[in-house]
RNA sequence: GCUGGUGUGGCGGAAUGGCAGACGCACGGGACUUAAAAUCCCGAGGUGGCAACACCGUGUGGGUUCGACUCCCACCACCAGCACCA
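Residue numbers (the numbering used here): 1 to 803.
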């Protein structure tokens, strides 16, 4: 039989006997919930990147099962999204049909690589019995006051309507190449910032990889500062947020976001309104991304004739508009202190604005003296009136205090993280289950009427006026208010793809429940997830959305845990053999199914494990794959060397115990490459002695089983070890059997290697050192010198320092 | 630009602060073969040397240490993400 037939045979057996289906509770077994991010079922099917993480985490799951855990390892698909909609438009098919086709392909491919999935728990986010609960949960957000409709800005194309960021290339529409602009639009928003602090703080209770924690904390971007009100000469006022209140006496200008309502309210008093309008028009063309830090060349326009009043000095301060200030971030206005902020410094130079140094300790004629340089260095204030001579730290407190007492400021926490814009003017998403009534306002669809089904439409393209295609189906839009019964309109926006993926891990726990999204009992038996694996691209958004969603449900008493993921890891990319991202255009792609057909799924799995450190990116190589294929052949060939024996032989004892230890620890620590390497070392030992007994082969096959599940099980049966590997136990090692009685160590004199000496590991340290010093080369090196220090690292190295 | 990450032979990569290069690929030599493939054995970081051996060597420059790929500081290069792709 060839590998392909063997693999298909075992895949069928696993499925027929429901080998990997689990109950929520099994007497005497501990539960483990292992999760890999469900894929977006694109038309391209499973790619190498999927293969790497899927086979790796599958190996982890299989090992845990062999260790006697009740392991849930589910799989599903995140089906809503732009790509299916675009394909639908292109192929003149329904997104529903395209997605159904793609899901089938994905599931077959997941089977083909030998994943140990519990298929009884499979879910798709676009299934009615799934998205019903996504809608239900949205309503809970609304009822709790965490969902509201609010003005935001969107990318807008005059022909194609609202565009995703991805669809805008250099300020033009990727479909029709018209120039795009930023347009204000009312959108549903989930108030995620209300959870910002907890999302950052609670990371301490998780075992996420350090860089993931850091990324999330930076994304949330908590900063403590002061919000200060500034009066405008001739009436009106506005607020700014600053983390550097100590520099307030150095203010020489203010900058307001160009689109700010404040600018409109000052129209009559602004003497250069034309110039302001032109600048606003230019700004509208730029995306937020272009306007933020990306933009090196800060520009602005002075509002002629309008001045703010400095709250401490009472002096007049000019006001500018500048596109680097965003209306939606902070208060949409900033104070500018060119001597102590580099961006302000450059702006002031460009527009010839005064500068006043207020913190002593550096020359500010060439560049600003910024907070990371003056904080904590005992720097003192100057040119700041009554605050002169205070240290920066003292001044921070004193100035805040004074402004608060004056009633013009308050301490405030500010977050970089924004609320979650939850509306899409797209067809292919969950309809937002809300109704707008002239009398009652926004009213949720009654829960017994869920799901609000996605209706059939003729055209999937967004409308030119920027509304969802659903808005064109008048019959669907027209409804009655659930509250007062008067005629009302349905919300026509749909949810973003992130919605369904924010709680899918809960549905796996109770996938067929039609009374609730998942029972508390089912959730309690599995959450938190023991190991959650996904791509680095989800480190901030998906992972924060899902944590936020769960925290909300936790507050509602609907989730048993405040953190859903105990441990989070992310895999590195698989690159083409040229070291570049695999893609059609680069022609460096490799199709997993072709690899399986030519070699085997097991060879592919072993290669994906061996290719390199799981957390780093790695380049594909055909040679590496072939080497793993050869390795499997070698394991198979051992069956011809099989001899009797139910205990490890003397010759292989140390090798067996070392391999068990290394492979066990490496899988637990997600070091699959060195686990395979350890198995290769063991197989080299076996090849050297040219025989292997039953006990040894059983252990070898078990250790390899998580990586090469098909062939190991086939060999197991063939050698008569049992009818299958279903009830096999993960082998144990004995620490005592690992230690070699004699070992060669390097001996250094003054940190330079002078000899290699065989030592008996049973001896005491001074006995060993005495033996070392008796060595001819060592003796010569220390001759006539005084020994200052002797270092001995057991079994590795000795260093004698002599003068 | 900001944030996160990476940098070790010809290549993929190993190394709780302790003999850098495990394991594998490619390569060279040999065995088997009419031959090739497959398989097996041996060799190998670089430079110099017949050799023993010497010197150099983990992106660059400093530092800490008996000892640094590993820790600290500064820099360079590359990769990823940046909120409506998911």
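Don't be surprised by glycine CBs; every beta carbon is placed ideally from N, CA and C.
Annotated three-state conformation of residue 326 is coil, per DSSP.
Residues 744 and 746 of the same chain have their beta carbon placed closer than 6 Å to that of residue 756, with the five preceding and five following residues left out of the count. In the same chain as residue 33, and ignoring 5 residues on each side of it, the C-beta atoms closer than 6 Å to its own belong to 72, 526, 529 and 530, in chain order. Here the C-alpha atom of residue 303 lies approximately 16 Å from the C-alpha atom of residue 350.
Pairing residue 489 with residue 143, the inter-Cα distance amounts to about 19 Å.
Shown here for residue 217: same chain residues with a beta carbon closer than 6 Å to its own, the five before and five after excluded, namely 200 in chain order. When DSSP states are grouped into helix, strand and coil, residue 398 belongs to the helix group. Following the DSSP letters along the chain, one finds residue 729 in no beta strand (DSSP E), marked with neither H nor E. The alpha-carbon separation between residue 374 and residue 359 amounts to approximately 8 Å.
Secondary structure of residue 110 (DSSP, three-state): helix. Residue range 128-143 is occupied by the alpha helix (DSSP H) that includes residue 131.
Non-local beta-carbon contacts of residue 272 in its own chain, meaning distances under 6 Å to residues more than five positions away in sequence, involve 304 in chain order.
When the alpha-carbon of residue 178 is set against those of 521, 185, 802 and 159, the nearest one is in 159. Cβ-Cβ distances below 7 Å link residue 330 to 241 and 414 in the same chain, with the five nearest sequence neighbours on each side left out; the list follows chain order. Taken in chain order, the unbroken stretches of alpha helix (DSSP H) that lie wholly in the segment 182-240 and span 4 residues or more are 196-201 and 210-220. The Cβ atoms of residue 433 and residue 445 sit closer than 7 Å to each other. The continuous stretches of beta strand (DSSP E) do not include residue 620, and DSSP gives it neither H nor E.
Counting of Cβ neighbours within 10 angstroms places residue 714 among the buried residues, the total reaching 16 or more.
DSSP lists no beta-bridge partner residue for residue 440.
Unbroken alpha helix (DSSP H) runs of no fewer than 4 residues, entirely contained in the segment 670-731, are found at 672-689, 694-704 and 709-718, following chain order. In this structure, the CA atom of residue 31 is about 16 Å from the CA atom of residue 121. Spanning the alpha carbons of residue 722 and residue 672 requires a straight line of approximately 27 Å. For residue 69, same chain residues with a beta-carbon under 6 Å away, outside a window of 5 residues either side, are 30 and 32 in chain order.
Just measuring C-alpha positions, the residue of 571, 506 and 366 sitting nearest residue 134 is 506.
As computed with DSSP, residue 252 is found in no beta bridge at all. Of the candidates 475, 686, 62 and 255, the residue whose Cα lies closest to the Cα of residue 631 is 686. The Cβ atoms of residue 574 and residue 48 sit closer than 7 Å to each other. With a 10 Å radius around the Cβ and a threshold of 16 neighbouring Cβ atoms, residue 268 comes out exposed. By the neighbour-count definition (other C-beta atoms within 10 Å, threshold 16), residue 571 is a buried residue.
Runs of the alpha helix (DSSP H) spanning 4 or more residues and lying entirely within the segment 456-507 occur at 474-477 and 504-507, in chain order. Residue 380 is bridged by DSSP to 391.
The C-alpha of residue 45 is placed about 36 Å away from the C-alpha of residue 638. Residue burial annotation: residue 64 is buried, with at least 16 other C-beta atoms found within 10 angstroms of its C-beta. Between the alpha carbons of residue 311 and residue 548 lies a gap of roughly 39 Å. If you look at residue 605, you'll find it in the alpha helix (DSSP H) that goes 601-610. Pairing residue 457 with residue 533, the inter-Cα distance amounts to about 37 Å.
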